[in-house]
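Peer 1: Have a look at the structure that comes next, please.
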Amino acid sequence: MIDDFYIECTRKRPTNTLNENNRAIKSYADTTINGYVGTRSIKNVLIAGQWTVKTQYKFYTSDWEIEFGDLIDYENLIYKVVSHPKNTAHKDNHMKVMLEEIDNIKQ
(Lines of atoms letter the chains of each structure in order from A and count residues from 1; the text may use other names and numbers.)
(Lines give C-alpha, C1' and ligand atoms only; values in the text may rest on other atoms or scores of the structure.)
Protein backbone atom coordinates (compact mmCIF):
# COMPACT_ATOMS: atom_id res chain seq x y z
CA MET A 1 0.00 0.00 0.00
CA ILE A 2 1.07 3.58 -0.58
CA ASP A 3 1.17 4.34 3.15
CA ASP A 4 4.14 1.96 3.46
CA PHE A 5 6.16 4.72 1.77
CA TYR A 6 4.92 7.59 3.97
CA ILE A 7 7.50 9.67 5.78
CA GLU A 8 7.01 12.36 8.38
CA CYS A 9 6.75 15.85 6.91
CA THR A 10 5.25 19.21 7.85
CA ARG A 11 2.10 20.89 6.57
CA LYS A 12 2.37 24.68 6.80
CA ARG A 13 -0.98 26.45 6.74
CA PRO A 14 -0.83 30.21 6.09
CA THR A 15 -2.37 32.28 8.87
CA ASN A 16 -2.55 36.02 9.42
CA THR A 17 -1.41 37.45 12.72
CA LEU A 18 -0.83 40.99 13.91
CA ASN A 19 2.59 42.40 14.72
CA GLU A 20 3.34 44.90 17.49
CA ASN A 21 2.09 47.73 15.22
CA ASN A 22 -1.25 45.99 14.64
CA ARG A 23 -0.35 45.24 11.02
CA ALA A 24 -1.21 41.91 9.46
CA ILE A 25 1.73 39.62 8.80
CA LYS A 26 1.68 36.18 7.25
CA SER A 27 2.84 33.34 9.41
CA TYR A 28 2.42 29.58 9.20
CA ALA A 29 0.86 27.04 11.53
CA ASP A 30 2.94 23.86 11.35
CA THR A 31 1.37 20.41 11.65
CA THR A 32 3.28 17.14 11.43
CA ILE A 33 1.73 14.78 8.88
CA ASN A 34 2.70 11.62 7.02
CA GLY A 35 2.93 11.61 3.24
CA TYR A 36 4.73 10.54 0.10
CA VAL A 37 5.77 12.60 -2.93
CA GLY A 38 5.19 10.34 -5.91
CA THR A 39 5.60 10.68 -9.64
CA ARG A 40 5.92 13.99 -11.39
CA SER A 41 4.24 15.28 -14.50
CA ILE A 42 5.85 17.75 -16.86
CA LYS A 43 3.92 19.88 -19.32
CA ASN A 44 4.64 22.87 -21.50
CA VAL A 45 2.62 25.97 -20.67
CA LEU A 46 2.43 29.40 -22.26
CA ILE A 47 3.04 32.18 -19.72
CA ALA A 48 3.21 35.80 -20.89
CA GLY A 49 3.96 34.74 -24.45
CA GLN A 50 6.82 32.43 -23.42
CA TRP A 51 6.73 28.64 -23.39
CA THR A 52 7.99 27.17 -20.15
CA VAL A 53 7.98 23.78 -18.44
CA LYS A 54 5.64 23.29 -15.49
CA THR A 55 6.39 20.40 -13.14
CA GLN A 56 3.87 19.01 -10.67
CA TYR A 57 4.16 16.11 -8.25
CA LYS A 58 1.54 13.72 -6.90
CA PHE A 59 1.41 13.77 -3.10
CA TYR A 60 -0.37 11.11 -1.07
CA THR A 61 -1.15 11.71 2.59
CA SER A 62 -3.19 10.42 5.49
CA ASP A 63 -3.98 14.05 6.41
CA TRP A 64 -7.68 14.63 5.72
CA GLU A 65 -7.38 18.35 6.50
CA ILE A 66 -4.96 19.22 3.68
CA GLU A 67 -6.18 22.17 1.60
CA PHE A 68 -5.42 24.05 -1.60
CA GLY A 69 -2.69 26.60 -0.83
CA ASP A 70 -1.05 24.70 2.04
CA LEU A 71 2.72 24.33 1.98
CA ILE A 72 4.45 20.98 2.48
CA ASP A 73 7.99 20.74 3.89
CA TYR A 74 9.14 17.35 2.59
CA GLU A 75 12.79 16.31 2.97
CA ASN A 76 13.92 19.96 3.19
CA LEU A 77 12.09 20.97 0.00
CA ILE A 78 9.05 23.24 0.07
CA TYR A 79 6.03 22.43 -2.10
CA LYS A 80 2.73 24.26 -2.55
CA VAL A 81 -0.58 22.39 -2.85
CA VAL A 82 -1.99 23.44 -6.24
CA SER A 83 -5.04 21.18 -6.49
CA HIS A 84 -8.01 20.32 -4.36
CA PRO A 85 -7.68 17.08 -2.38
CA LYS A 86 -9.14 13.88 -3.81
CA ASN A 87 -10.19 10.79 -1.89
CA THR A 88 -8.56 8.34 -4.29
CA ALA A 89 -10.71 5.36 -5.24
CA HIS A 90 -13.15 6.52 -2.52
CA LYS A 91 -11.64 4.00 -0.12
CA ASP A 92 -11.02 6.56 2.66
CA ASN A 93 -7.42 5.48 3.24
CA HIS A 94 -5.53 8.47 1.81
CA MET A 95 -5.85 11.78 -0.01
CA LYS A 96 -4.08 12.83 -3.21
CA VAL A 97 -3.12 16.39 -4.16
CA MET A 98 -0.81 17.92 -6.75
CA LEU A 99 2.23 19.90 -5.60
CA GLU A 100 4.59 22.41 -7.18
CA GLU A 101 8.05 23.00 -5.77
CA ILE A 102 8.67 26.59 -4.66
CA ASP A 103 11.95 28.37 -3.98
CA ASN A 104 11.15 30.00 -0.66
CA ILE A 105 8.34 30.91 1.68
CA LYS A 106 7.10 34.48 1.34
CA GLN A 107 6.54 36.17 4.67
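When the count follows my numbering, it moves up by one through the sequence shown with no breaks and lands on 119 for the last residue.
From the three backbone atoms N, C-alpha and C, an ideal C-beta is built for every residue, glycine too.
1) Exposed or buried, what is R23 when buried is set at 16 or more other beta-carbons lying within 10 Å of its beta-carbon?
2) In whole angstroms, what separates the C-alpha of E113 from that of N34?
3) Name the residue from Y69, K70, K55 whose alpha carbon lies nearest to the alpha carbon of W63.
4) Assuming V49 and L111 are in contact, meaning their beta carbons sit under 8 angstroms apart, how far apart are those beta carbons, in whole angstroms?
5) Between the Cα of D82 and the Cα atoms of A41, N31, I59, N88, which residue gives the shortest distance?
6) Helix, strand or coil: which one does DSSP assign to D75?
Peer 2: Working from what's here:
1) buried
2) 32 angstroms
3) K55
4) 7 angstroms
5) A41
6) coil
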